[in-house]
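Q: Quick one: the structure is below, and I'll ask about it shortly.
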Amino acid sequence: MARPKKRFQQLIEEIDRTPWGPAEQALVAEAVALAVEVGDERLEYEARMRQTASANMGGATDVMLNSFAWCLAHHDADPQRFPADLENGGADLMWQFKWMASSLRSSPAFSQEQIAAVLDDMEAHYRAAGLGLSGVLTARFEDAWDAGRMDDAEALRVQLEATPRDDHSHCDACGRSQVAGFYADTDRDDEAIQLVEEMIEGGFSCGEEPEHALSRALLPYLRAGRPAEAKTAHLRSYRLAKDNPDNLRIVANNIVFAAITGNEARALAMVEKHIAWLAHDGLNVDAHFAALAALAVALDRVTAAGHGETPVRGADAPSLVPFFGEHDGPWSATDLAAAAWSAAERIGAAFDERDGTRGHARSLDRMRALATEQYDVPIRSDAFVAPTPSAAPVDADGWFERAMQLAQFGAEHETLDALPRALEVEEPDKRAQLLSMRLGILIALDRAEEALQLLPERIAALRAAGREVQAALEERLELATFGLNTPETTAALEEAISDAASLPAWSRGDLAISRAALHLQAGEADAALDLAEIAARSFAEAEDVRLSNTTTLLAISAVLSKGDLEPAITLLDGFLAQEDLSTGHRAQALQIRARVRGGTDNYVEGATDADEVCRLLAELGATRALGDAHLLAGALWEDAEEPEKAVSRYRLASRLAGEAGGDSTGVDFRLARAMLRVGDAEEAAELFGDVLQREEIAEVAAGSRAMTASMLARALGAAGEFGQAVGAHGYASELFGQAEEHADQAMSMTEQAKILARFDEQEDAIGLLEAAAEIVRRAPDAVGALTEVLHSLGQAYGGRGDERAFALFDEVAALAQQHEAEWLLADVTDSRGRALAELGRIDEAVAAALTAADGFAALGDLGSAGSSELFAGRVLAGNDRSADAVPVYRSAIEHAAGHPPLLQVAALELGNVFESLGRHGEAAEIRSHLES
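Written as structure tokens, this is what we have:
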């Protein structure tokens, strides 16, 4: 048995260093199974103690209860062999007792007598072990509060506050969070906020903290008139809680916040993302109650905002039938709200019957009362899709027109959706046109067999319309005129074109445009243009405006494929000036022009075209194509340095992709990036985190995930979440390493080091930079990354007076000169001056700083010039050379004219220098000038 026991010990060690989550849970399960297989109850005890804690963190209540009961029975039978504390740094058996009463209370399946027995047993064990009773009082307080015995709960809270803390008291984070929640539930908002802020300012954290406490402070913040703090708390709380199903209550609080702050679309998105969590832990019924009430509040607000008919994705999952009942088709927001209220009432009644109170009825009353509360706290992560401006067609002729317009734009899927109703038209000619479109789309979607089966119906419609010649032609050519690209169809088209002189004009045009399209696919633009000209003349002769315009668009595409942008723009401008364009053709031409304008750096004009495409497609009900158009508009507005406009377009593109069941990962990455650019760092961090999670599940390539992790780190840093930013930069560097993208790996390590240095973790920062310097040299062509890493390492060395800085500065300066990077040369010269000052080499330091200032000034960067001069002035003044410092400070002030913070600092310091020189009048003058 030596080998299994060795494996068991390896598992235990791995469990103790693995974060909570699926990987850790799998290790625990393996350890328990192995101990059972070995037949060693002592080993099984070690594994099950860890299993209890793991199940508690993962929301597996049934596993937790069973595991704890097994451990308690063995401990009671033999405390020496099965000690309460394994001394592994995890929760001991007496601490785990606190989870048991809470877990029993969370399901009405357990009676009040069973809960009381557990609490009494807990107290007996604590007393027998000589432990303090703080943990017991905490459990009794939670029991009274959850049962709705509010007077008892308040008395226990007061008693708990007066009881000395001990090793089994709640930690600083959990204790404050719990009481803050009670205060909020009893309308003591100021006291709730005070406790949560104490917790945050003290940096206290635990398994579900600070996210739970922050969620409990959301309503108090709103009611206190502090929306900015509420928004920050919400974004942080939700970001920390959103990936663990055991955090259902926390997410519920955040859903309510979004619903009552004008963010109904965000609330709906959160409902859709987390509704499946209801089925995660069957015994945590109290969390189900809280979540159902939150869902009901949110969906009522969605309905009030005019979107009650919006389908709630995920609500029709079979696992949710026990909550909402059977339902025919997708749940609308309005219907699901009613079902959620009903489910919450049913569950609440079961709890109140058990507890002999109306505690849960009181909670529902408070949730319903939120209908009268409304706050304005904009969060731009989600948006509803505006209803289509035009009404849906009411008859077959209307659907015929709709299908034609959609096809003329190229909206293949929407055209297919419209065709069944359009094909109800009676006119054979219209049916023939519709069937032609269906055939072309089927070929484009690689469904040739299906198209071949449909062809006889098209031929029959042509004959019914009296177009015998075209019917015979298509009967002979089969799918050649519908885009099928094979050597046989190409040869057939060539032969038919050579014999086309006797054919009607429309048929000649059809052959020519069909062959032109194949030439274009093969990259034969000139041949495509020659045939497009023939097709255009033929369709003009046949007086078919629709196909004449289709031919023009094909010709424009051929011109673009040759790279002739200016002629293409001229053609597009002329085409769009025509009065006979259909909506579909106009939208297609505008979309092409938008892309061309973007490709020629005319981003605003291109974005304006793309916005018009969106408007036209909305009229046509082309939802999938509309999402792509919003994505294009967002990209162009982003390139136009208008990230605010990009955000709104990307949001709609994301929502449309989600509603269509598509993958919104790419557009969400763009949306998060645009949010970061406009300063919405917290929202960006949340969305980048979601994108990264999706990429992990999809096993996206390491390099792509690394880029997302890097952007997440940037967003976290901008949001002030520096600890998480360090971790995200570290993860990004690991992924870049896996992808062998050395420059990006080194840059991520450098950003990580900069944050560490900011918090005086200098040794760790320098270690990272040294490693980054080794890695970045593997990518010598990445000059920007090479200079950034080496410069940063040089600055770190220089700040410690380490002579190794200067060789690095020399290397960076040489690269700057080689690549004519004048600003970088000035910047590294400034860094050299600061390093020299650290070594006491005053004259050299001042000379370097002033040289840097001249370099910055020559480039027009007067702010950086003034900053270098300010440093030089400080060095002189700090080394008993105040008189020499005066002209340097004056120059700094001159350069700082457009930079008020720099100007203020330089002027104040010059005033102090004057005072030290006894030049009090000049000191007063400079200060009065500053005040004015």
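Going letter by letter, the sequence shown gives residues 1422 to 2353 in this note's numbering. Note that CB positions come from ideal geometry on N, CA and C, so glycine has one too.
1. Give the straight-line distance between the Cα atoms of Ser1658 and Arg2348, rounded to the nearest whole angstrom.
2. Identify whether Cys1627 lies in helix, strand or coil by the three-state DSSP scheme.
3. I'd like the span of the alpha helix (DSSP H) that includes Leu2257, first residue to last.
4. My parser needs the alpha helix (DSSP H) runs of 4 or more residues fully inside the segment 2175–2238; what are they?
5. Taking Thr1910 as part of the alpha helix (DSSP H), name the residues at either end of that continuous run.
6. Counting Cβ pairs closer than 8 Å, one from the segment 1682–1701 and one from the segment 2133–2145, do we hit at least three?
7. Return the chain-ordered list of same chain residues with a C-beta closer than 7 Å to the C-beta of Tyr2310, the five sequence neighbours on each side being excluded.
8. Secondary structure at Met1422, three-state DSSP: helix, strand or coil?
9. List the endpoints of the continuous alpha helix (DSSP H) containing Arg1868.
10. Helix, strand or coil: which one does DSSP assign to Ser1802?
11. Return the residue from the list Ile1990, Thr1607, Gly1479 that minimises the CA-CA distance to Asn1668.
12. For the candidate residues Ser1919, Ala2134, Ala2031, Leu1975, whose alpha-carbon lies nearest to that of Ala1396?
13. Can you tell which of Met1571, Glu1909, Arg1660 has its C-alpha closest to the C-alpha of Gly1777?
14. What residues in its chain sit with their C-beta under 6 Å from that of Leu1716, if we drop five residues either side in the sequence?
15. Which same chain residues, not among the five before or five after Thr1731, have their C-beta less than 8 Å away from its C-beta?
16. Have a look at Gly2342 and Glu2315 and give me their C-alpha separation to the nearest angstrom.
17. Got a sec? Which residues, its chain only, sit under 7 Å from Met1422 by beta carbon, not counting five neighbours each side?
18. Contact defined as beta carbons within less than 8 Å: I believe Arg1469 pairs with Trp1441. What is the distance between those atoms, to the nearest angstrom?
19. Does Pro1739 come out as helix, strand or coil in the three-state DSSP assignment?
20. To which residues does DSSP link Pro1418 through a beta bridge?
21. So Leu2190 and Ala2200 are in contact, right, with Cβ under 8 Å, and what is the actual spacing, rounded?
22. If you compare alpha carbons, which of Glu1847, Val1557, Leu1855, Gly2276 is closest to Leu1840?
23. Mind checking Lys1851: buried by the 16 CB within 10 Å criterion, or exposed?
24. Is it true that the CB of Ala2269 sits closer than 7 Å to the CB of Thr2250?
25. Counting C-beta neighbours from all protein chains within 10 Å, is the total for Glu1895 16 or more, i.e. buried, or is it exposed?
26. From Arg2135 to Gly2281, what distance separates their C-alpha atoms?
27. To which residues of the same chain is Gly2222 closer than 7 Å at the C-beta, ignoring the five residues directly before and after it?
28. Is the beta carbon of Arg2007 closer than 7 Å to that of Asp2030?
29. What do you get for Asn1906, buried or exposed, if any count of 16 or more other CB atoms within 10 angstroms of its CB means buried?
30. Closest by CA to Leu1635, which one among Ala1594, Arg1783, Ser1527?
31. Just checking, does the segment 1762–1777 make contact with the segment 1644–1664 on the three C-beta pairs under 8 Å criterion?
32. Suppose the cutoff is 7 Å on Cβ atoms and the five residues either side in sequence are ignored; what does the same chain contact list for Ala1799 look like?
33. Which residues in the same chain have their Cβ closer than 6 Å to the Cβ of Ala1476, if we skip the five residues on either side of it in sequence?
34. Roughly how many angstroms lie between the CA atoms of Ala1759 and Phe1710, to the nearest whole one?
35. Distance, Cα to Cα, Ala1680 vs Ala2127?
A: Based on what the coordinates show:
1. As a working note, residue 1658 is residue 237 in the sequence shown. As a working note, residue 2348 is residue 927 in the sequence shown. Approximately 46 Å between the Cα atoms of the pair.
2. To locate residue 1627, count along the sequence shown from 1; it is residue 206. In the structure shown, Cys1627 sits in a strand (DSSP, three-state: E or B).
3. To locate residue 2257, count along the sequence shown from 1; it is residue 836. From DSSP, the alpha helix (DSSP H) with Leu2257 extends over 2243–2259.
4. 2183–2197, 2204–2220
5. Looking up residue 1910 in the sequence shown gives position 489. 1908–1919 is the span of the alpha helix (DSSP H), which, as asked, contains Thr1910.
6. No contact exists between the segment 1682–1701 and the segment 2133–2145.
7. The residue given as residue 2310 occupies position 889 in the sequence shown. For Tyr2310, same chain residues with a beta-carbon under 7 Å away, outside a window of 5 residues either side, are Gly2294, Ala2327, Glu2330, Leu2331, Val2334 in chain order.
8. Here residue 1422 corresponds to residue number 1 of the sequence shown, with the count starting at 1. Because Met1422 carries a pLDDT of 43, less than 50, the predicted location of this residue cannot be relied on, and no value is offered for it.
9. Translated into the one-based positions of the sequence shown, residue 1868 becomes position 447. Run containing Arg1868: none; DSSP gives neither H nor E here.
10. Position 381 of the sequence shown holds residue 1802. Coil.
11. Within the sequence shown, numbered from 1, the residue matching residue 1668 stands at position 247. Nearest option by C-alpha distance: Gly1479.
12. A query on residue 1396 cannot be resolved here, the shown segment of the chain reaching from 1422 to 2353 and no further.
13. Position 356 of the sequence shown, counted from the start, is the residue given in the question as residue 1777. Minimum Cα distance to Gly1777 is reached at Met1571.
14. Here residue 1716 refers to the residue found at position 295 when the sequence shown is read from its first residue. For Leu1716, where only same-chain residues beyond five positions count, the Cβ hits under 6 Å are Val1692, Ala1761.
15. Along the sequence shown, one-based indexing puts residue 1731 at 310. Within the same chain, Thr1731 has close Cβ partners Leu1689, Val1723, Ser1753, Ala1754, Phe1805.
16. Here the question's residue 2342 lines up with position 921 in the sequence shown. Here the question's residue 2315 lines up with position 894 in the sequence shown. Near 20 Å, if we compare the C-alpha coordinates of Glu2315 and Gly2342.
17. In the sequence shown, counting from the first residue as 1, residue 1422 sits at position 1. For Met1422, the predicted structure reports a pLDDT of 43, less than 50, and the residue's modelled location is therefore unreliable. The matter cannot be settled from this model.
18. On the sequence shown, residue 1469 is found 48 positions in, with the first residue counted as 1. On the sequence shown, residue 1441 is found 20 positions in, with the first residue counted as 1. At roughly 17 Å, the Cβ-Cβ gap does not stay under 8 Å, so Arg1469 and Trp1441 are not in contact.
19. If you number the sequence shown from 1, residue 1739 lands on position 318. It is helical.
20. Nothing in the structure corresponds to residue 1418, since the chain is present only between 1422 and 2353.
21. If you number the sequence shown from 1, residue 2190 lands on position 769. If you number the sequence shown from 1, residue 2200 lands on position 779. The pair is not a contact, with the Cβ atoms about 16 Å apart (cut-off 8 Å).
22. Locating residue 1840 in the sequence shown gives position 419, where the first residue counts as 1. Leu1840 has its Cα closest to that of Leu1855, out of Glu1847, Val1557, Leu1855, Gly2276.
23. Counting from 1 along the sequence shown, the entry for residue 1851 is found at position 430. With 16 or more Cβ atoms within 10 Å of its Cβ, Lys1851 is classed as buried.
24. On the sequence shown, residue 2250 is found 829 positions in, with the first residue counted as 1. On the sequence shown, residue 2269 is found 848 positions in, with the first residue counted as 1. Yes; because the gap between Cβ atoms is below 7 Å, this pair is in contact.
25. For the purposes of this step, residue 1895 is taken as the residue at position 474 of the sequence shown. Answer is buried; the Cβ neighbour count reaches 16.
26. Position 714 of the sequence shown, counting from 1, holds the residue named residue 2135. Position 860 of the sequence shown, counting from 1, holds the residue named residue 2281. Arg2135 and Gly2281 have their alpha carbons spaced roughly 28 Å apart.
27. Translated into the one-based positions of the sequence shown, residue 2222 becomes position 801. The answer, listed in chain order, is Glu2259, Leu2260.
28. Here residue 2030 is taken as the residue at index 609 of the sequence shown, counted from 1. Here residue 2007 is taken as the residue at index 586 of the sequence shown, counted from 1. No. Outside cutoff.
29. On the sequence shown, residue 1906 is found 485 positions in, with the first residue counted as 1. Its Cβ having fewer than 16 others within 10 Å, Asn1906 is exposed.
30. Locating residue 1635 in the sequence shown gives position 214, where the first residue counts as 1. Closest by alpha carbon: Ala1594.
31. These segments do not touch.
32. The residue labelled residue 1799 in the question sits at position 378 within the sequence shown. Residue identity differs from the one stated: residue 1799 is Pro in this sequence, not Ala. Result list for Pro1799: Gly1683, in chain order.
33. Stepping through the sequence shown from its first residue, residue 1476 is reached at position 55. These residues qualify, in order along the chain: Val1484, Met1485.
34. Numbered from 1 along the sequence shown, position 338 holds the residue referred to as residue 1759. Numbered from 1 along the sequence shown, position 289 holds the residue referred to as residue 1710. Take the alpha-carbon of Ala1759 and the one of Phe1710: they are about 14 Å apart.
35. For the purposes of this step, residue 1680 is identified with residue 259 of the sequence shown, where counting begins at 1. For the purposes of this step, residue 2127 is identified with residue 706 of the sequence shown, where counting begins at 1. A straight-line Cα-Cα distance of about 34 Å links Ala1680 and Ala2127.
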